[in-house]
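One structure is given below, encoded as structure tokens.
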Amino acid sequence: MKTKIFGFVFLILTVFILSNCEKNNESSGEQRTLLIASVKPVVNDVTCLIGGATDKIPPIYIFKENDSDWRLWYSLQPIVGFDELYEEGYEYVIAVNQYRLDEPPADASIYVYRLEKIISKIQKASEDIPDYMIK
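The working numbering numbers the first residue of the sequence shown as 156 and each following residue consecutively.
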């Protein structure tokens, strides 16, 4: 009888432990739509404040969201699945999922971005990009 009880308790503990091991470190994602410019930004004199110190963090994209002004997307927050697909000379509209990490590493962003889909890819020169971003 004790063996059966021990086996049952062991089985329940094993299932509980295994289900917790598969727990995702990301909270549910929020979808964002971004317009990615057809040119890469210049990296000269671009700095970013991190942990109270100013470090050179290269931007990797110029983007807009919700008809805002052009902004810089920094390499601290790559877009997983898009970085290897991006081609200069094409303007993209993409859907990304933004996930907030429950337990982010000490030296990383609290957000992870993943490409959901490329909505459009048009060969064109993006317009009205501020000179300081590209020259």
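Think of the CB as a built atom: it goes at the ideal place given N, C-alpha and C, for glycine as much as any other residue.
Owing to the predicted nature of the structure, the values given are computational and were not obtained by experimental measurement.
- At a Cβ-Cβ threshold of 8 Å, tyrosine 216 and tryptophan 225 do not count as neighbours.
- In the three-state reduction of the DSSP assignment, tyrosine 268 falls in the strand class.
- Setting aside the 5 residues that flank it on each side, valine 235 is surrounded in the same chain by Arg269, each with a C-beta closer than 6 Å to its C-beta; the list follows chain order.
- Counting other Cβ atoms within 10 Å of its Cβ, isoleucine 277 stays below 16 and is therefore classed as exposed.
- Isoleucine 284 is not bridged by DSSP to any residue.
- With a minimum length of 3 residues, the unbroken runs of beta strand (DSSP E) contained wholly in the stretch 225-268 fall at 226-229 and 245-255.
- Around the beta-carbon of serine 223, fewer than 16 other beta-carbon atoms lie within 10 Å, marking it exposed.
- DSSP, read as helix, strand or coil, puts isoleucine 215 in strand.
- Distance from the CA atom of lysine 279 to the CA atom of valine 194, rounded to whole angstroms, is 10 Å.
- The beta carbon of glutamine 186 is closer than 8 Å to those of Ala250, Val251, Asn252, Gln253 and Glu271 in its chain, skipping five residues each way along the sequence.
- Proline 214 sits away from isoleucine 289, with the two beta carbons spaced by 8 Å or more.
- Judged by beta-carbon spacing, valine 248 lies within the 8 Å limit of isoleucine 274, meaning their Cβ atoms are closer than that value.
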